[in-house]
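J.:
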Amino acid sequence: MTEQRLLVKREGDFTYPIAFHKDFTSLTQEIQDLPNHGTRLCIITDSNVAPLFLESAAEALKETGREIYTYILPAGEQNKTLENVQGIYEFLIKNHFDRKDLLAALGGGVVGDMTGFAAATYLRGIDFIQIPTTLLAQVDSSIGGKTGVDFKQYKNMVGAFHQPLLVYLNVSTLKTLPDSEFACGMGEIIKHGLIRSLEYSQWLTEHSKEILERKEDICQSMIYQSCMIKKTVVENDPTEKGERAVLNMGHTVGHAVEKLKNFSMAHGQCVAVGCMASAYISLKRGWITQKEYEKTAEQLKLFGLPLYINGLSAEDILTATKSDKKMDKGHIKFVLMKEPGNAVVDRSVTDQELLEAIESIRIENQEVL
Numbered sequence: 001m002t003e004q005r006l007l008v009k010r011e012g013d014f015t016y017p018i019a020f021h022k023d024f025t026s027l028t029q030e031i032q033d034l035p036n037h038g039t040r041l042c043i044i045t046d047s048n049v050a051p052l053f054l055e056s057a058a059e060a061l062k063e064t065g066r067e068i069y070t071y072i073l074p075a076g077e078q079n080k081t082l083e084n085v086q087g088i089y090e091f092l093i094k095n096h097f098d099r100k101d102l103l104a105a106l107g108g109g110v111v112g113d114m115t116g117f118a119a120a121t122y123l124r125g126i127d128f129i130q131i132p133t134t135l136l137a138q139v140d141s142s143i144g145g146k147t148g149v150d151f152k153q154y155k156n157m158v159g160a161f162h163q164p165l166l167v168y169l170n171v172s173t174l175k176t177l178p179d180s181e182f183a184c185g186m187g188e189i190i191k192h193g194l195i196r197s198l199e200y201s202q203w204l205t206e207h208s209k210e211i212l213e214r215k216e217d218i219c220q221s222m223i224y225q226s227c228m229i230k231k232t233v234v235e236n237d238p239t240e241k242g243e244r245a246v247l248n249m250g251h252t253v254g255h256a257v258e259k260l261k262n263f264s265m266a267h268g269q270c271v272a273v274g275c276m277a278s279a280y281i282s283l284k285r286g287w288i289t290q291k292e293y294e295k296t297a298e299q300l301k302l303f304g305l306p307l308y309i310n311g312l313s314a315e316d317i318l319t320a321t322k323s324d325k326k327m328d329k330g331h332i333k334f335v336l337m338k339e340p341g342n343a344v345v346d347r348s349v350t351d352q353e354l355l356e357a358i359e360s361i362r363i364e365n366q367e368v369l
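Reminder that position 234 of the sequence shown reads as 234 in full-length UniProt numbering, one-by-one numbering, no gaps.
#1: Could you tell me the distance, in whole angstroms, from the CA atom of Gly304 to the CA atom of Thr296?
#2: Identify whether Phe97 lies in helix, strand or coil by the three-state DSSP scheme.
#3: Could you tell me whether the segment 140-159 touches the segment 87-103, using the rule of 3 or more Cβ pairs below 8 Å?
#4: Are Met249 and Ala343 closer than 8 Å when you measure CB to CB?
#5: Considering only their Cβ atoms, is the gap separating Glu181 from Thr134 smaller than 8 Å?
#6: I'd like the list of long-range same chain contacts for Ile363, defined as Cβ closer than 6 Å, with 5 residues on each side in sequence excluded.
#7: Excluding the 5 residues preceding and the 5 following Gln366 in the sequence, name in chain order all residues of the same chain whose CB lies nearer than 7 Å to its CB.
#8: Between the Cα of Ala105 and the Cα atoms of Tyr69, Ser221, Met228, Val253, which residue gives the shortest distance?
#9: What's the C-alpha gap between Leu369 and Ile361?
#10: Does the beta carbon of Leu52 sit closer than 8 Å to a beta carbon anywhere in chain D?
#11: Helix, strand or coil, according to DSSP, for Met1 in the structure here?
#12: In this structure, how does DSSP classify Lys338 when only helix, strand and coil are distinguished?
#13: Nearest CA to the CA of Tyr71: which residue from Phe151, Leu194, Ile44, Ser56?
#14: Round the Cβ separation of Lys62 and Val110 to the nearest angstrom and send it over; I've been treating them as touching at under 8 Å.
#15: Ile18 and Leu169 look like a contact to me (Cβ under 8 Å); what is the Cβ gap, rounded to whole Å?
#16: Measure the Cβ-Cβ separation of Ile358 and Ile332 and say whether it is below 8 Å.
#17: Given that a residue counts as buried once 16 or more other Cβ atoms are within 10 Å of its Cβ, and exposed if not, what is Ser348?
#18: Which same chain residues, not among the five before or five after Lys301, have their C-beta less than 7 Å away from its C-beta?
#19: Tell me whether Arg66 is buried or exposed, calling it buried when 16 or more other Cβ atoms sit within 10 Å of its Cβ.
#20: Count the other CB atoms within 10 Å of the CB of His37; is the residue buried (16 or more) or exposed (fewer)?
#21: Is the beta carbon of Val257 less than 8 Å from the beta carbon of Leu177?
#22: Would the C-beta of Leu136 count as close to the ligand MG, meaning under 7 Å from any of its heavy atoms?
#23: Which runs of the alpha helix (DSSP H) spanning at least 4 residues fall entirely within the UniProt domain "3-dehydroquinate synthase N-terminal" (71-183), listed in chain order?
#24: Cα-Cα, which of Leu92, Leu336, Phe97, Asn262 is closest to Arg285?
#25: Assuming Tyr200 and His207 are in contact, meaning their beta carbons sit under 8 Å apart, how far apart are those beta carbons, in whole angstroms?
#26: Beta-carbon within less than 6 Å of Glu213's beta-carbon, same chain only, minus the 5 sequence neighbours each way: which residues are those?
#27: Between the Cα of Pro51 and those of Gln130, Asp98, Gln220, Gly107, spot the shortest distance and give me the residue it belongs to.
#28: Taking the straight line between their C-alpha atoms, what separation do you get for Arg40 and Thr147?
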């Protein structure tokens with residue numbers, strides 16, 4: 001497996017690398033090559049990831065000559081709170097971290113979001129790096145600088161844009177993921193193809209066997225292509241004023257379902273059913289064909305993702321979408337496919353269209369629809 005790098009443009013001429021590696025041994029050199037020259041580094045991880053990767057990551061980071069500290073968060077979306085970020089602040093204060101020092105997010109999307117938000121707000125901003133260990137984080141949350149926490153039942157309502165200095169991808173960490181977690185990452189990956197590349201969508205289906213077997217070379221190629229799509233969109237719109245919103249395909253309905261299910265349904269699964277709702281509206285508007293709609297469903301199902309939800313009313317889901325942070329002057333910014341591989345942000349989706357789309361993903365309706 002060859003080493004690869006992508007450079008993501010930040011403000012001005014500044015770029016940060018997404019570095020692909022097969023283990024943690026190159027982490028030492030990657031850190032030494034950064035413009036940050038502080039003396040302390042705090043690895044922030046969670047109770048699930050720490051037993052798997054903390055020791056090997058810390059060993060590599062110790063070789064940089066920095067003082068290494070570790071802070072372990074309780075695992076799970078339900079712990080993505082301001083209270084737990086306050087725990088990070090207190091730990092950094094007690095250990096005298098200053099603006100020259102560095103944080104490292106070792107884990108999935110929750111760890112990355114919380115570490116990034118702590119970095120954005122501690123001392124009005126310090127540097128951090130992302131070391132994502134889940135497929136979902138490697139192709140999505142670790143790239144683009146979005147950070148944040150949930151506020152009460154509202155997902156990612158409090159946050160900041162704060163770009164990392166480095167994203168270090170150790171593809172071998174995917175071997176430890178439960179099948180359900182791997183499938184969650186595939187939800188975002190499939191979305192990348194739907195919004196920006198029909199060719200990539202077709203490649204995913206053609207290589208599904210190797211992907212599901214987690215062949216390292218194929219998985220690295222897949223992650224590279226997804227990162228390329230996301231970085232391109234992010235570079236064109238770093239603070240989500242326009243085009244970047246296409247990355248939210250499936251998220252408006254998905255976040256509503258995730259919230260109403262009290263996070264018992266994983267993020268990637270919720271995105272999958274949200275993508276089906278988006279595809280349904282695209283179909284009804286005549287933008288995609290019945291065959292293209294069915295192909296979207298088949299691909300999601302192929303990678304172990306759900307097409308339907310149960311136990312929630314369409315009206316409750318619609319109401320929950322209205323409190324989504326993607327509302328714009330009372331209108332939902334909904335992402336639809338003009339055609340497979342070409343998504344657009346649409347502000348004209350009516351409540352009736354959305355209700356019909358939600359009904360189409362309720363399992364209770366499958367015998368009659």
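Every residue, glycine too, gets a C-beta built ideally from N, C-alpha and C.
T.: Looking at the atomic coordinates:
#1: The residue labelled residue 304 in the question sits at position 304 within the sequence shown. The residue labelled residue 296 in the question sits at position 296 within the sequence shown. C-alpha separation (whole angstroms): 13 Å.
#2: Translated into the one-based positions of the sequence shown, residue 97 becomes position 97. Secondary structure of Phe97 (DSSP, three-state): coil.
#3: Taking 8 Å as the limit for Cβ pairs, the verdict is that the segment 87-103 does not touch the segment 140-159.
#4: Start at 1 with the first residue of the sequence shown, and residue 249 comes out as number 249. Start at 1 with the first residue of the sequence shown, and residue 343 comes out as number 343. Using a Cβ distance threshold of 8 Å, Met249 and Ala343 count as a contacting pair.
#5: In the sequence shown, residue 134 corresponds to position 134, counting from 1. In the sequence shown, residue 181 corresponds to position 181, counting from 1. In this structure, Glu181 lies closer than 8 Å to Thr134 by Cβ.
#6: The residue given as residue 363 occupies position 363 in the sequence shown. Residues Tyr308, Asn310 of the same chain have their beta carbon placed closer than 6 Å to that of Ile363, with the five preceding and five following residues left out of the count.
#7: As a working mapping, residue 366 is identified with position 366 in the sequence shown. The answer, listed in chain order, is Tyr308.
#8: For the purposes of this step, residue 105 is taken as residue 105 along the sequence shown, with counting starting at 1. Taking the Cα of Ala105 as reference, the smallest distance to any Cα among Tyr69, Ser221, Met228, Val253 is reached at Tyr69.
#9: Working through the sequence shown from its first residue, we reach residue 369 at position 369. Working through the sequence shown from its first residue, we reach residue 361 at position 361. Residue placement at Leu369 is poorly supported in this model, since its pLDDT is 41, which falls under 50; the coordinates still yield a value, given next. Distance between the alpha carbons of Leu369 and Ile361 is about 10 Å.
#10: In the structure shown, chain D does not exist; there is a single protein chain.
#11: The residue labelled residue 1 in the question sits at position 1 within the sequence shown. For Met1, the pLDDT reaches just 44, beneath the cut-off of 50, and the residue's location in the model is therefore unreliable, although a value from the coordinates is still provided. In the displayed model, Met1 falls within coil according to three-state DSSP, outside both helix and strand.
#12: Working through the sequence shown from its first residue, we reach residue 338 at position 338. The answer is strand: DSSP assigns Lys338 an E or B state.
#13: Walking along the sequence shown from the start, residue 71 turns up at place 71. Among Phe151, Leu194, Ile44, Ser56, the Cα nearest to that of Tyr71 belongs to Ile44.
#14: Numbered from its first residue, the sequence shown carries residue 62 at position 62. Numbered from its first residue, the sequence shown carries residue 110 at position 110. The C-beta separation of Lys62 from Val110 comes to about 25 Å, leaving the pair out of contact by the 8 Å criterion.
#15: As a first step, residue 18 is located in the sequence shown; it is residue number 18 there, counting from the start. As a first step, residue 169 is located in the sequence shown; it is residue number 169 there, counting from the start. Sure, about 6 Å apart at Cβ, within 8 Å.
#16: Locating residue 358 in the sequence shown gives position 358, counting from the first residue. Locating residue 332 in the sequence shown gives position 332, counting from the first residue. No; because the gap between Cβ atoms is not below 8 Å, this pair is not in contact.
#17: Here the question's residue 348 lines up with position 348 in the sequence shown. Here Ser348 is exposed: its Cβ has fewer than 16 other Cβ atoms, across all protein chains shown, within 10 Å.
#18: In the sequence shown, counting from the first residue as 1, residue 301 sits at position 301. A distance below 7 Å between beta-carbons, with the five flanking residues on each side excluded, links Lys301 to the following residues of its chain, in chain order: Leu307.
#19: Walking along the sequence shown from the start, residue 66 turns up at place 66. Result: buried.
#20: If you number the sequence shown from 1, residue 37 lands on position 37. Burial call: exposed.
#21: The sequence position of residue 257 within the sequence shown is 257, counting from 1. The sequence position of residue 177 within the sequence shown is 177, counting from 1. Taking the C-beta atoms as reference points, Leu177 is found no nearer than 8 Å to Val257.
#22: Within the structure as shown, the ligand MG is missing, as the structure has no ligands at all.
#23: Correct list: 82-94, 109-121.
#24: By one-based count along the sequence shown, residue 285 stands at place 285. Check the Cα spacing between Arg285 and each of Leu92, Leu336, Phe97, Asn262: the tightest is with Leu336.
#25: Walking along the sequence shown from the start, residue 200 turns up at place 200. Walking along the sequence shown from the start, residue 207 turns up at place 207. That pair is no contact at about 11 Å.
#26: Along the sequence shown, one-based indexing puts residue 213 at 213. So the list is empty, once near-sequence residues are dropped.
#27: Along the sequence shown, one-based indexing puts residue 51 at 51. Residue nearest to Pro51 within the set Gln130, Asp98, Gln220, Gly107 is Gly107 (criterion: CA-CA distance).
#28: By 1-based counting over the sequence shown, the position of residue 40 is 40. By 1-based counting over the sequence shown, the position of residue 147 is 147. Their Cα atoms are separated by approximately 22 Å.
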